[in-house]
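Here is the structure we will look at.
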Amino acid sequence: MGQLSFEDDCLIRELDSRYYGFLDLSNSKNAEIRTLVQQTITNLQNYIANGQVHDSKNFSDNKNAIQKFEPLTQEGEHMENTSSQNNDETKPYDTNANEKVSTIDEKLHDDHYVNALCKLGHLHLLLGEYSEALSAYQKYLRFRENNYWTNHAFIYGIGVAYFKLRCFKWAIKSFQELLYLSPNFTCANEVHLRLGLMLKHCGEFHVAQKHLQLALLYTYPSTYSELQVKFQIAHLYEVQNKHKAAKDGYEFLLNEKNISLELKADVYRQLGWMYHCVECLGEKKEREANALNFLQKSIEADPKSGQSLYLLGRCYAGINKVHDAFLAYRNSVEKSEGNADTWCSIGVLYQQQNQPTDALQAYICAVQLDKDHKAAWTNLGILYESCGQLRDAYACYLNATKQISFQSSLIRKKQAIRMKKDTIGLSKGLSQRITFLEGQLSQAPLPSITSKRRQLCSIEEAWNLPISLEMNSRQQQTAQMLPRQVTKQSPVQGPPPPYPHSQLSQSPIPAKRIKEDGTGHQEVTQNNSQTSAQNLINISESLNQRNFNAMPESNKNSEQSVVDTFDEISNDIYKQNETIKLERLSHDALSNNEDSRYDYIGADSADLSTTFKIQMDSKQLMAAVKLLPIDEPPVHCTVLQVNAPPPSPPDCPPQKLTQDQLLPPTPSVHLENKKNAFSPQLQEFCLKHPIAVVRGLAGALKLDLGLFSTKTLVEANPDHSVEVRTQVHQSPDENWDTSQGKRVWACISHRSHTTIAKYAQYQASSFQDSLKDESDKGFPGSQAMSDSDSKDSVSNSNIVLKRKKHKINSKMLRFGTNVDLSDEKKWKPQLTELQKLPAFARVISAANMLSHVGHVILGMNTVQLYMKVPGSRTPGHQENNNFCSININIGPGDCEWFAVPDAYWGGVHNLCEKNNISYLHGSWWPVLEDLYKENIPVYRFIQKPGDLVWVNAGCVHWVQSIGWCNNIAWNVGPLTARQYSLAIERYEWNKVQAFKSIVPMVHLSWNLARNIKVSDTKLFELIKMCLLQTLKNVLHIQEYVKSKGVEIRFNGRGKNEASHYCGQCEVEVFNVLFIKEQEKRHVVHCLSCALKLSPSLQGIVCLEEYRLSELQRVYDSFTLHRTQGLAYTQ
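Numbering (our numbering), first residue to last: 1043 to 2172.
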């Protein structure tokens, strides 16, 4: 094993995942470093191969190799400062080690072995060997499962490996955890960009835009330019059909002087295709002229762009310039070395020119390049059918439908925003065509020798026949590239498992393909075997022409997989940064970052946990904070326990449930009088169940529910705003995707607004219409379920099984939601009536945490009203920050509820991911059979008029109205340790998911400390820990800001002033606010985002809401209240 020089040793120590994208080892200028890295990998592999055996000789032989792979030391020490440490580390490896290996030796050996795995992953990553890197990282993860989150370079490295291998689920998880743990991580800008690209690919457009905007703020070195990020943002608008915003974004880029030729080519291509596709951009003739002009400019800027030539050919074909289209396609094939879409379009042109043999060869080229190319298979089937070869047509149609199954989830994900109306039912239309051909073939006689000679060779023969020289040469060039791509996509063993690669197309432009072949299937269903060849050619052209029109975002950068997209962006920057010196990056970009202190803090984690304890008073806390370093920004603040892992969804309870346990009876109680309603037992009953129904509440308390009736609301405030959700009317236990003809989780609705008076008219007219048409009442099974409380759970399960094949109902309805009743002047009678409720259920109460927030949170500590017609759905969710909720049915109709205990929410989350839906950001309606298969129990019951439903903390639930009714709802926070614990856990998990917590838990915790006395030990410790962590963070931030020479100005807080959130990342900002000095509209920033704007904080104003003396007083005064009485007092 070769020994390394001191300089090489230092260099290898520095290299980790943070150099990925900056150090191009494929460049000849870095050949020496590449050789060094490869040599080190060999040394490491030799050591690791012997690492399982605790043999002192082998360990001593490999000692030098492992010393190179120790991570950065704690608290700002760099590797160049560890020479003395290295001497200490070598002491266990003297000649006497052969005689006896102590426990310390073994521990050091294990640490070295594990760190070697991590370093091996880093080096493989820098060489672009992603599968090998992921394998090493996952082995490291097995050993560091209990503290991997202290190694930020590892989390970044494994995230990049997952990203490059298209395991987007795990890449997103890794990057989200990294940003949660270290918002100021050296490569945070790279992380935000990759998250933005992946989330855009997954259809999470709002969150994707948030990450792309954040990527623009950083001043760290990057592998991309600001203009390239703005291009991605403009494309994000385009995929959402926000064409004006996209057009403005693209035109802005073209006006920039420093735009690169490659990016200019991309922008011109996007604009050109938008003009070709989007009707709102002008008259057709003018649009086509602009499209040709922009695409030609794109080719001038980048003559090697096969994609622009391909799109140019599509435009020429659209205006019947067949010769020009052929030339463009031929040039595209030469430039891009064969593209399945190009060959498919060439086939369409040949078919239009009545050259079926040439068309056949082109389609065969397309499907050989991409066996999942649905459009090419469909066109090939149309070609065979036009020639009377029904068996071959049938085989091609079957191949086309096979691709729908794994693409359907992505279609569902994007159809609400991106798909045109004429794409609905595409698979259904093709399946009808297949059924027709099956009928024809079953009656057809067997082929004989005397049968009419076929015009085309069969599909099996065509697959193997030699084709034209031009086609064959281009096809082979691309085919040679495919095995290498497949190798990189091969599944990797080890936890956590990546996405199955079958879910992600390896074809060059999968997203485009999904839309490209949408409308063609509808056209196919309108034809039979007697259809003329010319009509079939028109259909085929429609498949490629019209459907591509429905895909405005098709371009190389955006419609390749997100991996290829990022590669395209990065390649140009690699050229710009290929001369970056390792020394400059390591000292300027890495060493001066918090990363150098916090990437590997496993050794000092215990010290942190012992230094800061809730038993400390404020003076001790201040003294401890003054010992913390202030040369770098304070580390991430969490209100959880010190050194806790990043929050994540919990595993479901392991107990296997019986059929009866999967369908538990719903806890319910019937109130007969006011005394029952105010008894302590009622609150205890509600708090000990995941969900509970309180029957007869309105009658027992003599509540006037008529105050919330539609008639009364119209008389009181007819012009009050109502948010409307347009939904499909379906049976409560079913959720159909009409385009796929199957049950799904995605629950699509469209938002609009109206007034109470207008919605009341709709509500009334819908009821009147139902009296005329019996079928509009709803599903008979749904009505039957409201007959008896005893049928709440078990009997309803039988309906699930009987309705599996229920006819899909496409009737649309409008659901009036989120009607704000917070204004006491407008709604005084209604709000006064609710004061009749028992204290634990009131909107405002000293025993309600949310009453201590100090300001309004609409819908949580205020009342919201819902106006419903039959079928109105509230999709699956947990309440904001896991607070409890109260829901009262005003009537006159019933509502049906579904609920899952909070212990199983992790299982529901996993099923959402499995169905490609965001648990927090998405809209989903669970398929009950999916829940039962995963051992997840479901409560199911009917809420009648006057019934109160108590939703306990963390309970997952979804609701559908059976009749015409109104509901009122709000949240409450009982002063229990369980409620507070679930609230802060969700508060932290929301940070990981970049989801805004509308309950400011830090602000609330300090108000609770001011306002109440706590005798529950667990609740006290949780609140005190939050006070400790946030006060420590405030003190540390202030010390850091002062060290930058920035004055902290006292600003104070106004009465009922809302809590502050960062205008960029939307996390809560407590006490220390940062504002840009020159901004006209003052936007609050957290410290992390302020440093992105100005690393030195110059031009940033720092404001203080509370004086430190006040926070110290509150902190010291909050003590455990020893009493035999209530756990809280006002």
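For glycine and all other residues, C-beta sits at the position ideal for the given N, C-alpha and C.
Backbone CA spacing between residue i and residue j [nearest angstrom]
i: H2163; j: A1888; result: 17 Å
i: V1895; j: N2049; result: 7 Å
i: I1042; j: N2008; result: No statement about residue 1042 is possible, as the shown extent of the chain runs from 1043 to 2172 and does not include it.
i: Q1906; j: A2011; result: 6 Å
i: S1638; j: L1422; result: A caution first: S1638 carries a pLDDT of 36, below 50, which makes its placement in the model unreliable, though a value can still be read off. Near 59 Å, if we compare the C-alpha coordinates of L1422 and S1638.
i: S1808; j: N1226; result: 55 Å
i: H1897; j: Q1805; result: 34 Å
i: K1161; j: T1265; result: 22 Å
i: P1005; j: A2051; result: This structure cannot settle anything about residue 1005, because the visible part of the chain is limited to 1043 through 2172.
i: G2096; j: H2045; result: 14 Å
i: I1406; j: I2040; result: 55 Å
i: R1915; j: R1856; result: 10 Å
i: I1672; j: Y2082; result: 5 Å
i: Y1204; j: G1245; result: 19 Å
i: D1383; j: E1503; result: 22 Å
i: L1483; j: I1501; result: 17 Å
i: L1879; j: A1719; result: 8 Å
i: D2158; j: S2085; result: 27 Å
i: K1784; j: E1232; result: 39 Å
i: T1137; j: N1092; result: Here the model assigns T1137 a pLDDT of 39, short of 50, so the residue's position is not dependable and the matter cannot be decided.
i: G1949; j: D1972; result: 10 Å
i: T1261; j: N1685; result: 29 Å
i: Q1045; j: E2030; result: 47 Å
Among the options, nearest to residue i - alpha-carbon criterion
i: C1954; options: E1921, V1390, A1788; result: A1788
i: A1307; options: F1247, I1341, A1333; result: I1341
i: Q1431; options: Y1392, R1496, S1473; result: R1496
i: E2027; options: A1250, P1689, L1411, P1398; result: P1689
i: L1235; options: K1272, N1506, G1245, W1315; result: K1272
i: K1975; options: T1700, G1199, R2095, L2070; result: T1700
i: A1195; options: G1355, R1208, K1326, S1059; result: S1059
i: Y1062; options: F1185, P1345, Y1198; result: Y1198
i: L2133; options: L2024, K2118, N1931; result: K2118
i: L2077; options: K2060, F2062, F2112; result: F2112
i: C1997; options: I1978, I2004, S1374; result: I1978
i: N1189; options: H1166, C1319, V1156, R1329; result: V1156
i: V1993; options: L1900, A1883, Q1080; result: A1883
Range covered by the alpha helix (DSSP H) that runs through residue i
i: S1340; result: 1326 to 1343
i: F2112; result: No alpha helix (DSSP H) holds F2112; DSSP gives it neither H nor E.
i: R2155; result: 2150 to 2159
i: V1756; result: 1752 to 1758
i: Y1061; result: Premise fails: Y1061 is in no alpha helix (DSSP H) and is neither H nor E.
Residue i, enclosing beta strand (DSSP E) - first and last residue
i: A1734; result: 1733 to 1737
i: T1797; result: 1792 to 1797
i: E2146; result: 2142 to 2146
i: P1917; result: 1915 to 1919
Residues that residue i bridges to, as DSSP identifies them
i: Y1981; result: A1941
i: S1267; result: DSSP, once it has assigned bridges, lists no residue as partnering S1267.
i: G1858; result: V1766, M1909
i: N2009; result: Y1908, N1931
i: C1926; result: V2014
i: Y2103; result: E2110
i: I2117; result: V2143
i: K987; result: Nothing can be reported for residue 987: it is not among the residues displayed for the chain, which extend from 1043 to 2172.
i: D1865; result: Bridge partners of D1865: none, in fact.
message: If we require 4 or more residues per run, which alpha helix (DSSP H) segments fall completely within the segment 1340 to 1398?
response: 1348 to 1360, 1364 to 1378, 1382 to 1394
message: If we require 4 or more residues per run, which alpha helix (DSSP H) segments fall completely within the segment 1403 to 1429?
response: 1416 to 1428
message: My parser needs the alpha helix (DSSP H) runs of 4 or more residues fully inside the segment 2027 to 2096; what are they?
response: 2043 to 2053, 2059 to 2085
field: Runs of beta strand (DSSP E) wholly within the segment 1949 to 2006 (minimum 3 residues, chain order)
entry: 1981 to 1985, 1990 to 1993, 1998 to 2003
- request: May I have a chain-ordered list of the alpha helix (DSSP H) segments no shorter than 4 residues that lie completely inside the segment 1193 to 1234?
  value: 1194 to 1206, 1210 to 1223
- prompt: Taking the runs of the beta strand (DSSP E) that are 3 residues or longer, which of them lie wholly in the segment 1683 to 1741?
  reply: 1710 to 1712, 1733 to 1737
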